[in-house]
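Worksheet: one structure, shown below.
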Amino acid sequence: MTELATYNFAYLDEQTKRMIRRAILKAIAIPGYQVPFASREMPMPYGWGTGGVQVTAAVIGPDDRLKVIDQGADDTTNAVSIRAFFQKTANVRVTTSTTEATIIQTRHRIPETPLTAGQILVYQVPIPEPLRFLEPRETETRKMHALEEYGLMHVKLYEDIARHGHIATTYAYPVKVEGRYVMDPSPTPKFDNPKMHRSPALQLFGAGREKRIYAVPPYTEVVSLDFEDHPFEIQSFSEPCALCGARGTYLDEVILDDKGGSMFVCSDTDFCEDRQAHGHCGHLSANPAEAAE
Amino acid sequence: MSTNTQVFEGGFANPVMGAQQIFRALMDAMANPGRVFDVPELVAAPAPLTPVMAAIAATLFDHDATVWCDKSISASKEAIGWLKFHTGLELVSDPAAAQFALVKDVAAMPSFEAFAKGTSEYPDRSTTVILQLDGFEGENVLTLRGPGIKDTQDFAPSQLPKMFIDQWTGNRAAFPRGIDLIFAGREALAALPRTTRVAKKEA
Amino acid sequence: MYVAVKGGETAIRNAHKLLADKRRGDRSVPSIRLDQIVEQLALGVDRVMAEGSLYDLELAALAIKQARGDMIEAIFLVRAYRTTLPRFGYTLPVETAAMAIERRISATFKDLPGGQLLGPTFDYTHRLLDPELAADAAVEAPEERVEETHEPAPRVTDILGHHGMIETDGELPEGTAPGDLTREPLAFPLERDLRLQALARGDEGFLLGLAYSTQRGYARSHPFVGEIRIGEVEVELEVAELDFPLTLGRIRLTECQMVNQFKGSAKQPPQFTRGYGLVFGQSERKAMSMSLCDRALRARELGEDVTAAAQDEEFVISHSDNVQSTGFVEHLKLPHYVDFQAELDLVRRMRAEHERRDVQETAE
Numbered sequence: 001m002t003e004l005a006t007y008n009f010a011y012l013d014e015q016t017k018r019m020i021r022r023a024i025l026k027a028i029a030i031p032g033y034q035v036p037f038a039s040r041e042m043p044m045p046y047g048w049g050t051g052g053v054q055v056t057a058a059v060i061g062p063d064d065r066l067k068v069i070d071q072g073a074d075d076t077t078n079a080v081s082i083r084a085f086f087q088k089t090a091n092v093r094v095t096t097s098t099t100e101a102t103i104i105q106t107r108h109r110i111p112e113t114p115l116t117a118g119q120i121l122v123y124q125v126p127i128p129e130p131l132r133f134l135e136p137r138e139t140e141t142r143k144m145h146a147l148e149e150y151g152l153m154h155v156k157l158y159e160d161i162a163r164h165g166h167i168a169t170t171y172a173y174p175v176k177v178e179g180r181y182v183m184d185p186s187p188t189p190k191f192d193n194p195k196m197h198r199s200p201a202l203q204l205f206g207a208g209r210e211k212r213i214y215a216v217p218p219y220t221e222v223v224s225l226d227f228e229d230h231p232f233e234i235q236s237f238s239e240p241c242a243l244c245g246a247r248g249t250y251l252d253e254v255i256l257d258d259k260g261g262s263m264f265v266c267s268d269t270d271f272c273e274d275r276q277a278h279g280h281c282g283h284l285s286a287n288p289a290e291a292a293e
Numbered sequence: 294m295s296t297n298t299q300v301f302e303g304g305f306a307n308p309v310m311g312a313q314q315i316f317r318a319l320m321d322a323m324a325n326p327g328r329v330f331d332v333p334e335l336v337a338a339p340a341p342l343t344p345v346m347a348a349i350a351a352t353l354f355d356h357d358a359t360v361w362c363d364k365s366i367s368a369s370k371e372a373i374g375w376l377k378f379h380t381g382l383e384l385v386s387d388p389a390a391a392q393f394a395l396v397k398d399v400a401a402m403p404s405f406e407a408f409a410k411g412t413s414e415y416p417d418r419s420t421t422v423i424l425q426l427d428g429f430e431g432e433n434v435l436t437l438r439g440p441g442i443k444d445t446q447d448f449a450p451s452q453l454p455k456m457f458i459d460q461w462t463g464n465r466a467a468f469p470r471g472i473d474l475i476f477a478g479r480e481a482l483a484a485l486p487r488t489t490r491v492a493k494k495e496a
Numbered sequence: 497m498y499v500a501v502k503g504g505e506t507a508i509r510n511a512h513k514l515l516a517d518k519r520r521g522d523r524s525v526p527s528i529r530l531d532q533i534v535e536q537l538a539l540g541v542d543r544v545m546a547e548g549s550l551y552d553l554e555l556a557a558l559a560i561k562q563a564r565g566d567m568i569e570a571i572f573l574v575r576a577y578r579t580t581l582p583r584f585g586y587t588l589p590v591e592t593a594a595m596a597i598e599r600r601i602s603a604t605f606k607d608l609p610g611g612q613l614l615g616p617t618f619d620y621t622h623r624l625l626d627p628e629l630a631a632d633a634a635v636e637a638p639e640e641r642v643e644e645t646h647e648p649a650p651r652v653t654d655i656l657g658h659h660g661m662i663e664t665d666g667e668l669p670e671g672t673a674p675g676d677l678t679r680e681p682l683a684f685p686l687e688r689d690l691r692l693q694a695l696a697r698g699d700e701g702f703l704l705g706l707a708y709s710t711q712r713g714y715a716r717s718h719p720f721v722g723e724i725r726i727g728e729v730e731v732e733l734e735v736a737e738l739d740f741p742l743t744l745g746r747i748r749l750t751e752c753q754m755v756n757q758f759k760g761s762a763k764q765p766p767q768f769t770r771g772y773g774l775v776f777g778q779s780e781r782k783a784m785s786m787s788l789c790d791r792a793l794r795a796r797e798l799g800e801d802v803t804a805a806a807q808d809e810e811f812v813i814s815h816s817d818n819v820q821s822t823g824f825v826e827h828l829k830l831p832h833y834v835d836f837q838a839e840l841d842l843v844r845r846m847r848a849e850h851e852r853r854d855v856q857e858t859a860e
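Residue numbers (my numbering), protein chains in the order written: chain A, 1 to 293; chain B, 294 to 496; chain C, 497 to 860.
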């Protein structure tokens, strides 16, 4: 406990939490709009989840059960580090189970298991401004949002189609929230975009370095930008997960040798392990005898 | 009890956990418009502030918050003293300059137009109006639709501002500018963000 | 059979142990003490205090030791600690005219009240490595000024100001408290108070490069060093119960007043303009770079065309903080398997389509 003595519950001081909490309430009231907040310096580097950590710290309480994932996995080093931070500073219960968690902090994925009402998904966001790569100036992009001037974004997507035959944006694929704000979903693969639409969970987004918080309330329209002749579509993988045999999940490619050998496994480790525990097998799983399914 | 004790006492027994608990209820309420969330009475403030109203103030206000209070609250030295002592808030006399407004006398409150709606570039620079109510079993039932609501949500606050549906429709039309409402009942609270569409419930 | 990689937790624990071991290095070499760092690596300590924006010699020394001499890491450690400190109040503006001067030079006047004082500077050292220093030779005591009464040394800009030759210091509108970017989110365009705060915390190297660019013609401002002064000033706090300010202590500062390109109009006689730099500790390079950048960033205010990077407020201020910059550049080390997989998939698909087209065209 001596370690805890010098820091407040969940690290942030109460005044900082109040400031973040006020921003969160506004963010929920204006879905997809980026609320500026006085992001604090955190004891981890900017760009490594300081926004998500501040949001989680302002929200979390003793009754919560926290799950932290990075790339869909609970065991990636940065997920481990952030989970340990909250265990240390908030003494909070943690879990790797998507269904058991009340708060899930994530970087780059939305869990495969559908979220339920009452759950909170906290995204770590590097660049919250979806228009930033078209227009680097904050003063300009703010005007574009105010005027609902999103033509440039459509032009960019259409230029992709002209050049490559595809919309070349595969992650951080822009969405429109409740028919008003164009929003960056954080660098999740576009595979995950449909999960945001009318999700029963509350989705909160924290960008620490860029000092913005935004939100999507439950059951809110989240539509990926597209064109009539080029409708939005998600990636599909030709083979099932090599470990749990799941189809229709997002897969990581794992290189097995230097001769081009690779396999595909679920990026959502909790989902994959749960399936394996329930007897599902893939062609490379630990017990191939049971892979008859 | 002397005025001084009234002013200095009655804050959260555990400020960290108390504020967290109230905030979670507020956040859930804002994310689920019209749904009523039970909260325990964690603070005791001088009249006319009710425990829930005072707990919301203690959770959200500090010296970075500008707050407007209606006449029945600002008339009570004890209530104002309590708010100042426990939150450090900055009182303002112009509701359009307030980040928050505390309203005890709901029927007599200023029109929604009197509060800050934010700008089109910064729609978050708007007033969150906190209304003190008897409860959520009023006679007039409203049907709510919009973000945070799966299909529809019934909502029956015991008191409502004058011409509420008209005023709220105007507020809704200004989106993304607009005010947000928080309702402080007895041992319960609810909220209406500016996104919610409101109609009289069909019989 | 394949077993997924596990053990992030163990890996992190072991990495921390290894780091601690490397930090300590050869155990037969004595561990460096904080007072040694404070005394003998003083300019490093000053930089950590300045960019960490916390004036505490010992904590800065600890940060340098903990960071194994990595200055930006040390600055980061200080910042992350600073952010948890409660605010008790705001001191009065420090009075640099009343500074106990250790060094003071002016490039604009040969002599002036208070005189020129070279002080402890590298300026005229020959940059020859000194083997005696390695051998730890004894060091002579310095010459010290005998007279106790210091002649007042008014700021050069104040002297120029008496004759209206230089613009006055900008005044904030009545009742405006100076901003604080650590408490409020930045909203561009900024006022000069917030810009100066950002520059004071900004990365020395980044500001140095930008300042240099203004000298090479990217927003040239014809600068003259009106004055650089280094020394200690008193820090005072007004306390409600007292009718005089309470002295909390003294801090060492470096102040640079740059005298720049004059301006004038049909209505206004020409006047020199200012660029200002103020930094914790002794750091002329930083204070001078800051004052050149401050002047360049006043382009809009002074009605000059914004043509160069150093004049572009959003560009300069958004990228001057090295804790932010290093965090985001270094975050590229974090796993990006998921987004990379998405890109990989798209490129594979497009290549396959390309191949099909080629085959088709050959067939035709």
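Idealized CB from N, CA, C, for every residue including glycine.
Can you tell me which residues form a DSSP beta bridge with residue i?
| i | result |
| --- | --- |
| leucine 204 of chain A | A:Val122, A:Ala215 |
| arginine 748 of chain C | C:Glu728 |
| methionine 754 of chain C | C:Val721, C:Gly771 |
| tryptophan 361 of chain B | B:Ala394 |
| threonine 436 of chain B | B:Asp447, B:Ala492 |
Going along chain A, which residues have a C-beta under 7 Å from residue i?
| i | result |
| --- | --- |
| asparagine 464 of chain B | By Cβ distance, chain A contributes nothing, its closest Cβ being about 11 Å from asparagine 464 of chain B, past 7 Å. |
| phenylalanine 684 of chain C | Glu138, Thr139 |
| proline 469 of chain B | Ile30, Tyr33, Arg180 |
Closest to residue i by CA distance: which of the options is it?
| i | options | result |
| --- | --- | --- |
| glutamate 472 of chain B | B:Glu432, B:Ala390, B:Glu495, B:Ile442 | In the sequence under discussion, the amino acid at residue 472 of chain B is isoleucine, which differs from the glutamate named in the question. The candidate whose alpha carbon is nearest that of isoleucine 472 of chain B is B:Ala390. |
| threonine 269 of chain A | A:Tyr33, A:Tyr250, A:Met263, A:Gln34 | A:Tyr250 |
| isoleucine 655 of chain C | C:Asp619, C:Gly610, C:Arg564 | C:Gly610 |
| phenylalanine 316 of chain B | B:Arg490, B:Ala492, B:Ala484, B:Gly439 | B:Ala484 |
| arginine 65 of chain A | A:Gly72, A:Ala57, A:Gln71 | A:Ala57 |
| serine 199 of chain A | A:Thr89, A:Ala146, A:Ile60, A:Thr116 | A:Thr116 |
| aspartate 531 of chain C | C:Leu553, C:Ser524, C:Arg520, C:Gly823 | C:Leu553 |
| arginine 746 of chain C | C:Met784, C:Val855, C:Gly777 | C:Gly777 |
Please return the same chain residues whose Cβ sits closer than 8 Å to the Cβ of residue i, not counting the five positions on each side in sequence.
| i | result |
| --- | --- |
| alanine 291 of chain A | Because alanine 291 of chain A carries a pLDDT of 43, less than 50, the predicted location of this residue cannot be relied on, and the following value inherits that uncertainty. The answer, listed in chain order, is Gly245, Cys281, Gly282, His283, Ser285. |
| alanine 806 of chain C | Leu706, Ala707, Ser709, Thr710, Tyr714, Ala715, Leu788, Cys789, Ala792, Leu793, Val812 |
| glutamate 334 of chain B | Pro344, Val345, Ala348, Glu480 |
| aspartate 355 of chain B | Thr380, Gly381, Leu382 |
| isoleucine 560 of chain C | Ile533, Leu537, Gly540, Val541, Val544, Met567, Ala570 |
| phenylalanine 897 of chain C | Outside the displayed range of chain C (497 to 860) lies residue 897 of chain C, so it cannot be described from this structure. |
| threonine 412 of chain B | Arg418, Arg470 |
| valine 182 of chain A | Gly32, Pro130, Leu131, His145, Tyr150, Met153, Pro174, Val175, Lys176, Leu225 |
What does a CB cutoff of less than 7 Å around residue i pick up in its chain, not counting 5 residues either side in sequence?
| i | result |
| --- | --- |
| phenylalanine 378 of chain B | Val300, Phe301 |
| arginine 132 of chain A | Thr141 |
| histidine 718 of chain C | Asn756, Gln757 |
| leucine 692 of chain C | Tyr772, Asp790 |
| proline 217 of chain A | Ile28, Pro31, Leu202 |
Could you name the residues of chain B that residue i contacts, counting a contact when the two beta carbons are closer than 7 Å?
| i | result |
| --- | --- |
| lysine 26 of chain A | Asp417 |
| phenylalanine 9 of chain A | Val309 |
| arginine 22 of chain A | Leu353 |
By Cβ distance, which residues of its chain are closer than 6 Å to residue i, with the 5 residues on each side in sequence left out?
| i | result |
| --- | --- |
| leucine 4 of chain A | Note that leucine 4 of chain A has pLDDT 33, beneath the 50 cutoff, so the model's placement of it is unreliable and no number is given. |
| valine 68 of chain A | Ala79, Ile82, Arg83, Gln105 |
| isoleucine 724 of chain C | Ile601, Cys752, Glu780 |
Can you list the residues of chain C that residue i reaches, using a CB-CB cut of under 8 Å?
| i | result |
| --- | --- |
| alanine 168 of chain A | Leu842 |
| methionine 42 of chain A | Ala576, Thr579 |
List, in chain order, every chain B residue whose beta-carbon is nearer than 9 Å to that of residue i.
| i | result |
| --- | --- |
| threonine 220 of chain A | Gly439, Pro440, Gly441, Thr488 |
What residues of chain A sit near residue i, judged by a beta carbon separation below 8 Å?
| i | result |
| --- | --- |
| glutamate 414 of chain B | Arg142, Lys143, His145, Ala146 |
| threonine 436 of chain B | Result: empty, since nearest Cβ-Cβ is about 15 Å, beyond 8 Å. |
Using a C-beta to C-beta distance shorter than 9 Å, which residues of chain C count as neighbours of residue i?
| i | result |
| --- | --- |
| arginine 247 of chain A | Correct list: empty, because the minimum Cβ distance to chain C is about 16 Å. |
Got a sec: which bits of the region 53 to 76 of chain A sit with their beta carbon under 8 Å from any beta carbon on chain C, in order along the chain? Asp70, Gln71, Gly72, Asp75, Thr76
Any C-beta of chain C within less than 8 Å: which residues of the region 181 to 205 of chain A qualify? Pro187, Thr188, Pro189, Lys190, Phe191
Residues of the region 303 to 329 of chain B whose Cβ lies closer than 9 Å to any Cβ of chain A, in chain order: Pro308, Val309, Met310, Ala312, Gln313, Gln314, Phe316, Arg317, Leu319, Met320, Asp321, Met323, Ala324, Asn325, Pro326
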